[in-house]
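Student: Residue numbers (the numbering used here), protein chains in the order written: chain R, 1 to 182; chain E, 1001 to 1103; chain P, 2001 to 2218; chain L, 3001 to 3393.
No residue lacks a Cβ here, since even glycine has one placed at the ideal position from N, Cα and C.
Predicted, not measured: the structure shown is a model, and the values here were computed from it.
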Amino acid sequence: MSPIFYFLAMLTLGGAVAAMSLRNPVHCALSLVVTFVGLAGVYLGLGAHFLGLSQVLVYVGAVAILLVFVLLLTRGSGKDEFDERPDRWWPALGVGGGLGGVLIAVVLAQPGLALRTAPPELPTVRALGESLMTDFVLPLQVVGVLLTAALIGAAVLALSDRRRTPQDSGPVTSREEGETRR
Amino acid sequence: MNPIVPHLIVAVLLFAIGMTGALARRNAILTLVGIEIMLNAANLSFVVFWRFGPNPDPQTGLMFALFSIAVAAAEAAVGLALIIVLFRHRRTTSLDAADSMKG
Amino acid sequence: MLGIGLIKGLAETGRNFVGSYLDPDRLVTVEYPEERLPVKENFRQFPFLVFDGEKADIGLRCVACQICEKECPPQCIYIEKSKDKKPDHLGKPQFYPAVFDIDISVCMSCQICVEVCPFDAIKMDQQFELSTADRFRGLLLTRDRLAKPNSHFQAIHPRDAAEIDMRRVDERAKAEAKAKADAEAKAKQATAAAPGATKAVASTPKPAAAPANEGAIS
Amino acid sequence: MAATLDQLFVQLLHGMTAPLPEAIRPWVALAISLGAILAVFGLCFGITTVCERKAIARMQNRLGPNRVGPYGFLQFAADGIKTLTKEDIVPRTADQVVHFLAPLALLVPVVLTFLVLPFGRNMTAMDLEVGLLFFFAAGASTELAVFMAGWSSRNKYSLLGAMRAIAQMLSYELPFILSTIGVVMITGALSTTKIVEAQAAAPGEWLARWHVFTPWGLAAFLLFLIAAFAESNRSPFDLPEGESEIVAGYFIEYSGFKFALFFMAEYLGMFSSSGMAVTLFLGGWTAPFAFLDWVPSWMWFFGKLGVLIALFIWVRGTTPRLRMDQLMDFAWKFMLPLALIILPTAAIWHYAGRGWLGWLVTAPIVVGAYVLLGRSLVGRRRIRQRSYRYAAT
Chain R
1 MSPIFYFLAM
11 LTLGGAVAAM
21 SLRNPVHCAL
31 SLVVTFVGLA
41 GVYLGLGAHF
51 LGLSQVLVYV
61 GAVAILLVFV
71 LLLTRGSGKD
81 EFDERPDRWW
91 PALGVGGGLG
101 GVLIAVVLAQ
111 PGLALRTAPP
121 ELPTVRALGE
131 SLMTDFVLPL
141 QVVGVLLTAA
151 LIGAAVLALS
161 DRRRTPQDSG
171 PVTSREEGET
181 RR
Chain E
1001 MNPIVPHLIV
1011 AVLLFAIGMT
1021 GALARRNAIL
1031 TLVGIEIMLN
1041 AANLSFVVFW
1051 RFGPNPDPQT
1061 GLMFALFSIA
1071 VAAAEAAVGL
1081 ALIIVLFRHR
1091 RTTSLDAADS
1101 MKG
Chain P
2001 MLGIGLIKGL
2011 AETGRNFVGS
2021 YLDPDRLVTV
2031 EYPEERLPVK
2041 ENFRQFPFLV
2051 FDGEKADIGL
2061 RCVACQICEK
2071 ECPPQCIYIE
2081 KSKDKKPDHL
2091 GKPQFYPAVF
2101 DIDISVCMSC
2111 QICVEVCPFD
2121 AIKMDQQFEL
2131 STADRFRGLL
2141 LTRDRLAKPN
2151 SHFQAIHPRD
2161 AAEIDMRRVD
2171 ERAKAEAKAK
2181 ADAEAKAKQA
2191 TAAAPGATKA
2201 VASTPKPAAA
2211 PANEGAIS
Chain L
3001 MAATLDQLFV
3011 QLLHGMTAPL
3021 PEAIRPWVAL
3031 AISLGAILAV
3041 FGLCFGITTV
3051 CERKAIARMQ
3061 NRLGPNRVGP
3071 YGFLQFAADG
3081 IKTLTKEDIV
3091 PRTADQVVHF
3101 LAPLALLVPV
3111 VLTFLVLPFG
3121 RNMTAMDLEV
3131 GLLFFFAAGA
3141 STELAVFMAG
3151 WSSRNKYSLL
3161 GAMRAIAQML
3171 SYELPFILST
3181 IGVVMITGAL
3191 STTKIVEAQA
3201 AAPGEWLARW
3211 HVFTPWGLAA
3221 FLLFLIAAFA
3231 ESNRSPFDLP
3241 EGESEIVAGY
3251 FIEYSGFKFA
3261 LFFMAEYLGM
3271 FSSSGMAVTL
3281 FLGGWTAPFA
3291 FLDWVPSWMW
3301 FFGKLGVLIA
3311 LFIWVRGTTP
3321 RLRMDQLMDF
3331 AWKFMLPLAL
3341 IILPTAAIWH
3351 YAGRGWLGWL
3361 VTAPIVVGAY
3371 VLLGRSLVGR
3381 RRIRQRSYRY
3391 AAT
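1. Is there a Cβ of chain P sitting closer than 8 angstroms to that of L:GLN3060, yes or no?
2. How long is the line joining the alpha carbons of R:GLY78 and E:ILE1084, rounded to whole angstroms?
3. Please classify E:MET1019: is it buried, with 16 or more other beta-carbons within 10 angstroms of its beta-carbon, or exposed?
4. Using a Cβ-Cβ distance under 8 angstroms, would L:ILE3032 count as near chain R?
5. Which residues in chain L have a C-beta closer than 8 angstroms to the C-beta of P:ASN2016? List them in chain order.
6. Suppose the cutoff is 6 angstroms on Cβ atoms and the five residues either side in sequence are ignored; what does the same chain contact list for L:GLU3143 look like?
7. Considering only residues of the same chain and omitting the five flanking positions on each side of P:LEU2139, which have a CB-CB separation below 8 angstroms?
8. So, does the region 1046-1055 of chain E touch the region 1003-1014 of chain E, judging by three or more C-beta pairs under 8 angstroms?
9. Determine whether the Cβ of L:LEU3377 lies closer than 8 angstroms to any Cβ atom of chain P.
10. Using only CA atoms, which one of L:PHE3076, L:SER3152, L:ILE3047, L:ILE3181 lies nearest to L:THR3412?
11. On the three-state DSSP scale, how would you describe P:ASP2101?
12. Quick one: which residues of the region 2021-2044 of chain P get their C-beta closer than 9 angstroms to a C-beta of chain L? List them in chain order.
13. Do E:ARG1026 and E:LEU1086 have their CB atoms nearer than 8 angstroms?
14. How would you list, in chain order, the residues of chain R whose beta-carbon sits under 7 angstroms from the beta-carbon of L:GLY3188?
15. May I ask which residues mark the beginning and end of the alpha helix (DSSP H) holding R:PHE36?
16. For L:GLU3173, count the other beta carbons within 10 Å of its own beta carbon; 16 or more makes it buried, fewer makes it exposed. Which is it?
17. Under 9 angstroms between beta-carbons, which chain P residues line up against L:TRP3314? List them in chain order, please.
18. Under the three-state reduction of DSSP, which class applies to P:ALA2147: helix, strand or coil?
19. Return the first residue and the last residue of the alpha helix (DSSP H) that E:ILE1084 is part of.
20. Comparing the C-beta of R:PRO25 with each C-beta of chain L, is any distance below 8 angstroms?
21. Could you name each continuous alpha helix (DSSP H) segment of 4 residues or more that falls completely within the region 3057-3097 of chain L, going from the start of the chain to the end?
22. If you run the structure through DSSP and keep just helix, strand and coil, what is P:MET2124?
23. Using DSSP's beta-bridge definition, name the partner residues of P:VAL2050.
24. Would you mind reading off the limits of the beta strand (DSSP E) that contains E:ILE1009?
25. Report the residues of the region 1067-1090 of chain E with a CB closer than 8 angstroms to any CB of chain R, ordered along the chain.
26. Do three or more CB pairs link the region 3116-3128 of chain L to the region 3193-3200 of chain L at distances below 8 angstroms?
27. Against chain R, which members of the region 3104-3122 of chain L pass a CB distance test of less than 8 angstroms?
28. Taking the Cβ atom as the reference point for each residue, do L:TYR3250 and L:GLY3150 lie within a distance shorter than 8 angstroms?
29. Taking 8 angstroms as the CB-CB limit, is E:ILE1029 close to chain R?
30. Under 7 angstroms, CB to CB, which of the residues in the region 101-112 of chain R have a partner in chain L?
31. Put P:ILE2077 into one of helix, strand or coil per three-state DSSP.
32. Tell me P:ASN2094's beta-bridge partners as DSSP assigns them.
33. To the nearest angstrom, how far is the alpha carbon of R:VAL106 from that of R:ALA40?
34. Could you run through the region 3266-3288 of chain L and flag, in chain order, every residue whose CB is less than 7 angstroms away from some CB of chain R?
35. Using the beta-carbon of each residue, which ones in chain E are nearer than 8 angstroms to R:PRO139?
36. Measuring only the C-alpha atoms, how far is L:PHE3221 from R:GLY97?
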């Protein structure tokens, strides 16, 4: 295993720990980006170039931006109130740690994992696209429908109080307008 | 050591961290962050099994991860829209505030 | 249609770009330290003190009446009256400013001092290159630095200067005529009282400042 | 002779890395390429700032900078020295770490985008199979740096500027990416090198097969260019730094060298977008006519890059700034549908062929879509006498 992998793994895990434990939600979101970038690096190291770059494009370029936008829209950049309820951390740590421990034990106890050490033939992007259009055409369409539905759903949800604002019919006084804006 | 093991351990730790955070944090957005981390951990294990696993089909794992990214993007969009709606009703994003059925 | 306006605009700027190389008259830039535009006559910067004749300490028109000092809104003028008196251009004995300071770092160029001055002694200058390395003494103009000859005033505000000079010549002529008349009246009285002493009395009020006025007319 | 000149830099790089052991050779080559890119485009950045100021001044019938050095061309050095020696002020309430990281997080992805640009024959620093995706992935991560800069300054103007910048970059990212998909469809590759090679003149042809010479390619090129204007926050899309409203946008609270880094990242972003436009649509390093093949390939690339940058400057000197709603309308109601229409048009072109049939079928689609979308964007709005609600009439 190359030192690059260990570096990226530390980056990924460190980012994840920071994202889940920092006080300021915006810092959490930025740490999450570190995790995403680290994972993209791991994917690239594994030879999944297309996937790694898609990861950066989608997660860093879209999901993280969406997160910080929502954080700002909900005035969430202040302090999180989790330190008022420290009692929640112990059960959560117990569950998470227990699950992690069990899974690591499972991984380490599997002798059958060492099946193939020779790397597979890395598929080219062309091959990837061809299989998307042949073998995986149904999932592709379903994902397309899902994304469209999610897009419309998100837009409808976020716009839901539009009908409550009075359409400007005739002149409004500045006071009324100020109130509707708020 | 077989390269599959450290990769899987990273995926497992990532999943555990995400789960802990998602359970412990009260801010809905940060819970969503935890869920994203868990999804990414699952993705990583898919890619690792694609790369080192015994499956003869060369592309299934990669494809699964790709679709998973697309679904995660949709999930984030809808989840965050829901959080905005929650904020409009309750003026907070704390999940503790969203405990009654009446809007 | 969408895009036509953009192409028109691009053509216009392109024409300007090429034209500015072919036709130097298009360029409006004045490269300041080398090139200067002539200053407009009513441009004003900071006040200065006008003096007549050649010597500043003799011909200063200011009589230290301190009206400007009182009127100055930011109070940047400081005047100390002299102990003795000097005759002015009309021959009347007047005070003169022993100290006259203007702090131009405070002055706001409002020209009120010029408006209120009854002696046309303080006027606005057009000197604008006043930057200095010493921000305290360099910007505190003392009497010697403020005093500028009437010829300078004539050069920068020819119209005002001509009007003022005319008025001053008139005033002086009137004063002289009056002095003459007084003298004559006195002489008559004197002749009436004591004939024979006329010639000796008539020449006494003749002003000593007469040579100082030559500059005003030139 | 022509061939040696063409491969001059490639030979130089080979000569420098040849004595090294096999294992680290590609890494060293990458590092040297990165250094060369930084040096060349850093110099380009300096010269472009001066040229831009002079050109815009001429468009406004002024002289522009002409004091430092011959004809003012050393102005950038003076500016650089000035920014380097200026005091670096960080607001006391700012988020110190994020405030420090933001300029770096902006500059690093922008510099990385240069790695996949083919500057000449065999002159791609990192010839990835997914080069185009790499370009877009690196470009997308600059938005987060903008957010970091705006948020960490604890200044409402910088935050508003960052929100505007991100909204704008996200909106224009879609046509930016979609307009390139047509090229990918026709070429069948995401590798920038292959895209360029596919645009070279075939043996026996006198005209190169640049994608801009096709109806869909021309439309996609214009869309890509407009989106590149918006992505690099250049006029007329420079709302994020609208001086009249939000002072300077997301980098108000930056001074000294950090400000210079932001400035540099903006220009480097412009260079890389222009370079990608050259690569995708203007044939990269290929000559436009077959008989001009003897000119070194990198000269073609940089010549085309220079032409595009001149266009950037020209447009900046011409256009006024858009309003925010106009900006969004333009992205979502005009550019995105047009980019979506261009995709099937490219497919039709692929099957109809390069001859007159392809032109006959695709040109009307592109022109018709342009006219209709343009009408729907501007035509319906009647221009009336403006009524003022608050101002005294």
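Tutor: Judging by the given coordinates:
1. So yes, L:GLN3060 belongs to the interface.
2. Bear in mind that the predicted position of R:GLY78 carries a pLDDT of just 48, short of 50, making it unreliable; the figure below should be weighed with that in mind. Each residue's Cα considered, the two are about 16 angstroms apart.
3. The residue is buried, with at least 16 neighbouring Cβ atoms inside 10 Å.
4. So, not an interface residue.
5. One finds ARG3058, MET3059, GLN3060, ASN3061 in chain L with Cβ atoms closer than 8 angstroms to the Cβ of P:ASN2016, taken in chain order.
6. So the list reads ILE3166, MET3169, once near-sequence residues are dropped.
7. So the qualifying residues of the chain are ASP2103, ILE2104, SER2105, LEU2130, THR2132.
8. The region 1046-1055 of chain E vs the region 1003-1014 of chain E: in contact.
9. Yes, because at least one Cβ of chain P sits closer than 8 angstroms to the Cβ of L:LEU3377.
10. The structure shown has nothing for residue 3412 of chain L, since chain L only spans 3001 to 3393.
11. Correct three-state label for P:ASP2101: strand.
12. For the region 2021-2044 of chain P, which is checked against every Cβ of chain L, the residues closer than 9 angstroms are TYR2021, ARG2026, LEU2027, VAL2028, THR2029, GLU2031.
13. No. Outside cutoff.
14. In chain order, ARG126 make up the part of chain R whose C-beta sits under 7 angstroms from the C-beta of L:GLY3188.
15. First-last of the alpha helix (DSSP H) with R:PHE36: 25-45.
16. Under this definition L:GLU3173 is a buried residue.
17. The contacting residues are LEU2010, THR2013, GLY2014, PHE2017.
18. P:ALA2147 falls in the strand class under three-state DSSP.
19. Start and end: 1060-1090.
20. For R:PRO25, no CB of chain L lies under 8 angstroms from its own CB, so it is not counted at the interface with that chain.
21. Runs found: 3075-3085.
22. Looking at P:MET2124 - three-state DSSP - the assignment turns out to be strand.
23. In DSSP, P:VAL2050 forms a bridge with P:LYS2148.
24. Careful: E:ILE1009 lies outside any beta strand (DSSP E), inside the alpha helix (DSSP H) at 1004-1024.
25. So the close ones are PHE1067, ILE1069, ALA1070, VAL1071, ALA1072, ALA1073, ALA1074, GLU1075, ALA1076, ALA1077, VAL1078, LEU1080, ALA1081, LEU1082, ILE1083, ILE1084, VAL1085, PHE1087, ARG1088.
26. Counting Cβ pairs under 8 angstroms, three or more are found: they touch.
27. Of all residues in the region 3104-3122 of chain L, none is placed with a Cβ closer than 8 angstroms to any Cβ belonging to chain R.
28. For L:TYR3250 and L:GLY3150, yes; Cβs fall inside 8 angstroms.
29. Interface residue, yes.
30. Answer in chain order: no residues at all.
31. In the structure shown, P:ILE2077 sits in a strand (DSSP, three-state: E or B).
32. The question names Asn, yet the displayed sequence has Gln at residue 2094 of chain P. Per DSSP, P:LYS2086.
33. Distance from the CA of R:VAL106 to the CA of R:ALA40, rounded to the nearest whole angstrom, comes to 25 angstroms.
34. Within the region 3266-3288 of chain L, no residue has a Cβ lying closer than 7 angstroms to any Cβ of chain R.
35. Near R:PRO139 (Cβ distances below 8 angstroms), the residues of chain E are MET1063, PHE1067.
36. A straight line joining the alpha-carbon of L:PHE3221 with that of R:GLY97 spans about 53 angstroms.
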